[in-house]
Every structure is written in C-alpha cells, then in structure tokens.
Amino acid sequence: MTKIVFAFDTEDFTNKKAADAILEEAEILRSEGVRGCFAVVGLLANQLREWERTDVIEALKHHEIDLHSLAHTMHPMINEYTDVEDFSEAKAEFLRQERYALKCLKDTFGIKKVFAAVPPGNQDSYVAMHGYAEMGIPVYSDSICDPDGNGLYYCNGFHTAYAIAMEDFLFSRNPFRIKSVLNKMAGRDIAVIYTHPHRAMYSQSWDILNYDKKNLREFGDWIESKRWSTSKTARFYKNFRKLIQTVKKDKRFLISTFEEIAEDYCNKQRVMTVEEIPYLYKTLSDGLQPTKKYSLCDMFFACAEFMQGKRTYTCGPVYGPMYKPQGIVYPVTLTPKEVFESARAVDPSAPIPSRIQVGKYLIGPADWLYAAVNVLCGSGTVELQPRDQLPDLSDLPKIKNCSFKGTWRHSDAFKDAYLSDRLRYQSWTMRYPR
1274 MTKIVFAFDT
1284 EDFTNKKAAD
1294 AILEEAEILR
1304 SEGVRGCFAV
1314 VGLLANQLRE
1324 WERTDVIEAL
1334 KHHEIDLHSL
1344 AHTMHPMINE
1354 YTDVEDFSEA
1364 KAEFLRQERY
1374 ALKCLKDTFG
1384 IKKVFAAVPP
1394 GNQDSYVAMH
1404 GYAEMGIPVY
1414 SDSICDPDGN
1424 GLYYCNGFHT
1434 AYAIAMEDFL
1444 FSRNPFRIKS
1454 VLNKMAGRDI
1464 AVIYTHPHRA
1474 MYSQSWDILN
1484 YDKKNLREFG
1494 DWIESKRWST
1504 SKTARFYKNF
1514 RKLIQTVKKD
1524 KRFLISTFEE
1534 IAEDYCNKQR
1544 VMTVEEIPYL
1554 YKTLSDGLQP
1564 TKKYSLCDMF
1574 FACAEFMQGK
1584 RTYTCGPVYG
1594 PMYKPQGIVY
1604 PVTLTPKEVF
1614 ESARAVDPSA
1624 PIPSRIQVGK
1634 YLIGPADWLY
1644 AAVNVLCGSG
1654 TVELQPRDQL
1664 PDLSDLPKIK
1674 NCSFKGTWRH
1684 SDAFKDAYLS
1694 DRLRYQSWTM
1704 RYPR
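Below is the structure:
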C-alpha cells in the first residue's frame, strides 16, 4: 500500500491575499477528514500574526506544521550562505537562522515538534540536511536524495522526494487526469503530492517578482503577483476536493503524514556487533556500498571501535568526507599492527577523513575500511588494490550530476565552490530503507 502525503509549501509572505488560499485548502482538507502537512516559512508565520489572520492560524492547527526554512528566497539563501569551506561555520549560521524559524512556528501555532523540513526551491545544501537532523527534525522532504519514492537515509535524516505538484494537473478540465496521476503513484512506498497554496490563486510566483537573484524590494514593499481568473481558481479547488475523495476511496493508498512516516522509519536504535564483521566483509567484497542497516560511515567507525577492543558500536550522527577522498594509486601491503594502530586516530564525532596515515602510507577512507574489515576477519598482511573511494551513484543521478551554480534564484555571485561536491561526498552517510 502506498502512503500518500498531501504537502503544502506555505511560503508567500508578500501577498496578503495568499493567506486566503492557505485557509481554503486547509478547510477543504478538514472537511474531508484529512490532515495535510503544511511546511511554513518562518517569516510567513510572523506575517500571519502581523496581518491578524487568526482564522488561518487556527485552521492550520488542525494540520501538521512543518518547516520550509526561515526566509525562503530572501538573499543570502541557504545555499548561498552555507557555500563556505568551514563546515562548522556554515552549520552554526544555518542553525542560528533555522532555530529562529522554528521559534516562529512554535510561537504562531503552539506546536511542540516539527517532523519534516522542506528546502525552498533547490536549496539542497548538505549543511541544511545535517543541520535539520541536528535540530531533531527526522524527515527531509522534497529531497534530491530519494530517486524512486521509497526513501533514503542521508545526512542523518530520512529523505523523501516530492512525487508530483498539484498545479500540474488540478487546473485541468480533463476528468480522467486525477486517476492517471494516481495510477503512476501506485507501487511507490511513499508518494508526496504537493502544492503551493498561493499558486491556486496567483499566476506569478512571488519570489520571481521580488527575490530573483537578489533582493529586488525592501521588506514590506513588494510587487503583488497577478491573479488567475476566479473561475480557474475555483476549478483548482473543486479538483483538489475530488483528488482527496478519490484517494480516500482507493484501497491502493493510505493517507499519511510526515509524523507517521517518521514513526515508521526514524528513531530506531541501531547497534552493530563485532560478530557482524563477516557480513560487512561479504558486503564490501561486492563493492563499496551501504546496506539497509548500516552506512559506510557506520561501518568505518564501528571497525575503529572494534579494533580498540569494543564488542558493540551504537550508530549515531555521522558526517561524510568534506574533501575529495584520495585513495591509493598503486598496490599497497599493510600489516595488521599498522591498521590497528591507525584506528586510534579515528574520531567518530568528526567527518570521515579524506586520507588516513597507516604505517608509511597515506590511504583513502575506502582503502582503510577494506583493510580494517580484512584485519578484523583475521587476515595476516592486507593487500590493497586501487579502488573507488565513493559508492556508485548511478542510481542517484540528481546527486551524481548535481551542480547548483546558475540554477533557480541563486545570485550571480554564488559559486557553488563546495556544496555539490560535498553532497556527493556525503554518500558515505546513506543507507537504504529496504
């Protein structure tokens, strides 16, 4: 059975009338007995109070409130201010802004916990992924890290993709369009069907008018978006209700929320034992790859702990390499003693190192992991051959081919000096839900 999540990127803090669209969609859901997942921009939460839209605030309290960043497209955007070499510096600034965004939501809606974070546009910064997880937000949705709708663990969170935008089919006069869309959703584990409430009302995006590539207007002095015709907006809402009713009747689907997704996929303790080393050996013999239960980071740090005499390793937050891993370029022979001694320098709270000193050699993290597993399985000398230092990303094309520069609303000054590459390096943190 496919879990359907109705998600709402609730973001337009420039058009006052856009609040009416939020109210309309929230009330349609409620009248059908369905909870939606409204990812709200922090500044919009503040604006709803400023506009005295208590009707909207109260209507949203019936639904799940998630986080859609502090300021969405206002510059510098998340990608822009986190594209710096120092990860700790980038994360500190991210946490400062997004913790304030969380406070905005809590102050406005009275919520205690947020279960999902949704990046604005393509702001899929690895810093944000790690940062939201550190904030205790378990699900990261609209993620480029989920290729098939079955989810993927990445950067310490559970990632789900957006499946299809309601704007793509709910304006249609074709009565069969909804069933056609749902047929494509069937078979996925999770299908997030999403919309932007303001798009039912406005033909122009608020952020193109006010924040494309730079802050084009002073805060509060915004260009108002053009409206759709009243009949076109009404058609969207009529089809929206029909979509909900159709899903409710279809036994292939179960309407869910990100809170329920988190309950199913997150917060389960994972403990690796030294007896599992032969399993890791077999897994890695087929190539550098994670498993359903363990990421490459988990394997790496567990091996370091086991070589220091521990029998178990409790998996926790991990960070992939921050710099391109550099493996050996010619065969290397290591002794067990050299590998055991190198394990003492491994810090499980730090990112995976791009190179590790073992005896007289500098080897890559994948080289070290293979050596460690072999030694723990009782091998004498370890014969290492040159190998890939990152897992194969062919099944994750959006990560493999990621390049943020020159896309979406980024400023012309944005260089993408670190983000795209480091997103790939964080593949050391991924593991599969099944």
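Using this note's numbering, you'd call the opening residue of the sequence shown number 1274 and step up by one each time. Glycine included, every Cβ here is placed at the ideal spot set by N, Cα and C.
Secondary structure note for Met1474: it is in no alpha helix (DSSP H), with a DSSP letter that is neither H nor E.
When Gln1320, Leu1302, Glu1305 are compared, the shortest CA-CA separation from Glu1284 is found for Gln1320. In the three-state reduction of the DSSP assignment, Thr1283 falls in the strand class, which pools E and B.
Shortest Cα-Cα distance from Asn1352 to any of Pro1393, Val1412, Cys1539 involves Pro1393. Setting aside the 5 residues that flank it on each side, Val1520 is surrounded in the same chain by Ile1277, Leu1455, Phe1526, Ile1528, each with a C-beta closer than 8 Å to its C-beta; the list follows chain order. According to the DSSP assignment, His1345 belongs to no alpha helix (DSSP H), since it is labelled neither H nor E. Taking the Cα of Lys1515 as reference, the smallest distance to any Cα among Phe1449, Thr1587, Thr1564 is reached at Phe1449. Taken in chain order, the complete alpha helix (DSSP H) segments of 4 or more residues contained in the region 1397-1446 are 1399-1407. Boundaries of the beta strand (DSSP E) around Ala1312: 1310-1313. Cβ contact annotation for Arg1628 (same chain, cutoff 6 Å, sequence separation greater than five): Gln1599, Leu1635, in chain order.
Secondary structure note for Ala1575: it is in no beta strand (DSSP E), and the uninterrupted alpha helix (DSSP H) holding it is 1569-1579. Sixteen is the threshold: when 16 or more other Cβ atoms of the shown chains lie within 10 Å of the Cβ of Pro1411, as they do, the residue is buried.
Spanning the alpha carbons of Ile1301 and Asp1339 requires a straight line of approximately 19 Å. Residue state for Arg1704 is assigned as strand, using DSSP reduced to three classes.
Comparing C-alpha distances from Leu1649 to each of Arg1372, Ile1550, His1683 shows the shortest one belongs to Ile1550.
Taking Ser1652 as the centre and dropping the five residues before and after it, the same chain places the C-beta of Pro1609 closer than 8 Å to its C-beta, in chain order.
According to the DSSP secondary-structure assignment, Phe1526 is paired through a beta bridge with Thr1275. Counted as a single uninterrupted DSSP element, the stretch harbouring Leu1635 is not any alpha helix (DSSP H) but the beta strand (DSSP E) occupying residues 1634-1636.
The beta carbon of Asp1668 is closer than 7 Å to those of Pro1420 in its chain, skipping five residues each way along the sequence. In the DSSP assignment, Tyr1467 falls within the unbroken beta strand (DSSP E) covering 1463-1468. Around the CB of Ala1299, 16 or more other CB atoms lie within 10 Å, so the residue is classed as buried. DSSP places Thr1381 within a helical segment (H, G or I) once states are collapsed to three. In the three-state reduction of the DSSP assignment, Ala1292 falls in the helix class. At the C-beta level, Phe1382 and Glu1337 stay beyond 8 Å of one another. For Gly1404, same chain residues with a beta-carbon under 8 Å away, outside a window of 5 residues either side, are Lys1364, Phe1367, Leu1368, Glu1371 in chain order. Following the DSSP letters along the chain, one finds Ile1351 inside the alpha helix (DSSP H) bounded by residues 1351-1355. Distance between Lys1678 and Val1465, taken at the CA atoms: about 27 Å.
In the DSSP assignment, Thr1327 falls outside any beta strand (DSSP E) and within the unbroken alpha helix (DSSP H) covering 1327-1333. Nearest Cα to Arg1472 within the set Phe1279, Ala1438, Glu1491, Arg1446: Ala1438.
In this structure, Tyr1510 sits away from Glu1331, with a CB-CB distance that is not shorter than 8 Å.
Distances from the CA of Thr1564 to each of Lys1583, Pro1664, Thr1530, Phe1579 were compared; the closest alpha carbon is that of Pro1664.
Looking from the CA of Glu1362, the closest CA among Leu1333, Leu1378, Val1400 belongs to Val1400. Excluding its 5 nearest sequence neighbours in each direction, Ala1294 has C-beta neighbours in its own chain below 6 Å: Pro1470, His1471, Ala1473, Met1474, listed in chain order. Shown here, Ile1496 sits in coil according to DSSP, grouped into three states, outside any helix or strand. According to the DSSP assignment, Thr1585 belongs to no alpha helix (DSSP H) but to the beta strand (DSSP E) extending over 1585-1587. Using a Cβ distance threshold of 8 Å, Arg1704 and Tyr1567 count as a contacting pair.
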